[in-house]
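Asks: Below is the structure I would like to discuss, written out as structure tokens.
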Amino acid sequence: MNKVKWSFIVFSVVFLFSWFVSPYWVVYQIQQAVDQNQPGKISRYIDFPAVRSSLQPQVEAMLNQKLGTAQPDNFIEKFGARLNEQLSKQLVEQIVTPDGVVFLMQGKALTEGFQDSLVSGKNAVLTELRIRDQSQPENLSESIKTTVNSPQFHASYHSFNRFVIQIPANPGTFTEFELKRDGLSWNIVAIHLPKVS
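As structure tokens, then:
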């Protein structure tokens, strides 16, 4: 009876420990894939429809704020707001890919240049990704590694089934990657961009 009791206790402790550290293990796996410039390995940890749903209103709000159509009060502004909605959907479709998520993990996609590219309708994120992929793939992984291993990098539980990674973007701001528990694994279900000033 004692053996059964101790076996149960040991099993319970191991299970609870695994349950608790599982998001940190997933973050480590994501970091390894980023360090090795292997976006394909990250895709298994991304819930793409959920991430697109979380980003689309943020990108739309960013466009509306930049173009002054956040509170449309005439026909032209209302028309512009509807165009922004369609444009933001297209941009999010192009950005939310394994490569795009890796790029966002660098914080670089949140620079003023990226915001300006949204307003002008150019996809600077994918353009820069293509340039990096063709000319200096080894530098991409080094760049990501530096950012992810930055002292400001922070990851913690926000609830029993929610885990958040904060990655520095512009000075004093963070991009948040929200993970949701899926058994013993976790998936990125939302990306929260820094507020546009």
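Here the sequence shown stands for residues 12 to 208, numbered as in the working numbering.
The C-beta atom is built at its ideal place from N, Cα and C for all residues, glycine as well.
Who are the Cβ neighbours of Q69 in its own chain at under 7 Å, not counting the five residues just before and after it?
Replies: Excluding residues within five positions, the ones whose Cβ falls inside 7 Å are L204.
Asks: Between L98 and T108, what straight-line distance do the alpha-carbon atoms span, to the nearest angstrom?
Replies: 17 Å
Asks: Taking only three categories from DSSP, how would you classify S29?
Replies: helix
Asks: Does L190 come out as helix, strand or coil in the three-state DSSP assignment?
Replies: DSSP places L190 in strand when its eight states are reduced to three.
Asks: Which residues in the same chain as E71 place their Cβ atom closer than 7 Å to its Cβ, once the five residues preceding and following it in sequence are excluded?
Replies: Around E71: N95, E96, S99.
Asks: Can you grab the Cα-Cα spacing for the pair R173 / E189, in whole Å?
Replies: Straight-line Cα distance between these residues: approximately 7 Å.
Asks: In chain order, what residues of the same chain have a beta carbon less than 6 Å from the beta carbon of Y168, not counting five sequence neighbours either side?
Replies: F174
Asks: Is DSSP giving T157 helix, strand or coil here?
Replies: Any reading at T157 must be qualified, since the residue scores a pLDDT of 40, below 50, and its modelled position is unreliable; no value is offered.
Asks: Could you pull out every residue in the same chain whose Cβ sits closer than 7 Å to the Cβ of L115, ignoring the five residues on either side in sequence?
Replies: Apart from the 5 residues on each side of it in sequence, L115 sits with its Cβ closer than 7 Å to the Cβ of T186, I202 in its chain, given in chain order.
Asks: Cα separation between D110 and D46?
Replies: Computed Cα separation, rounded: 13 Å.
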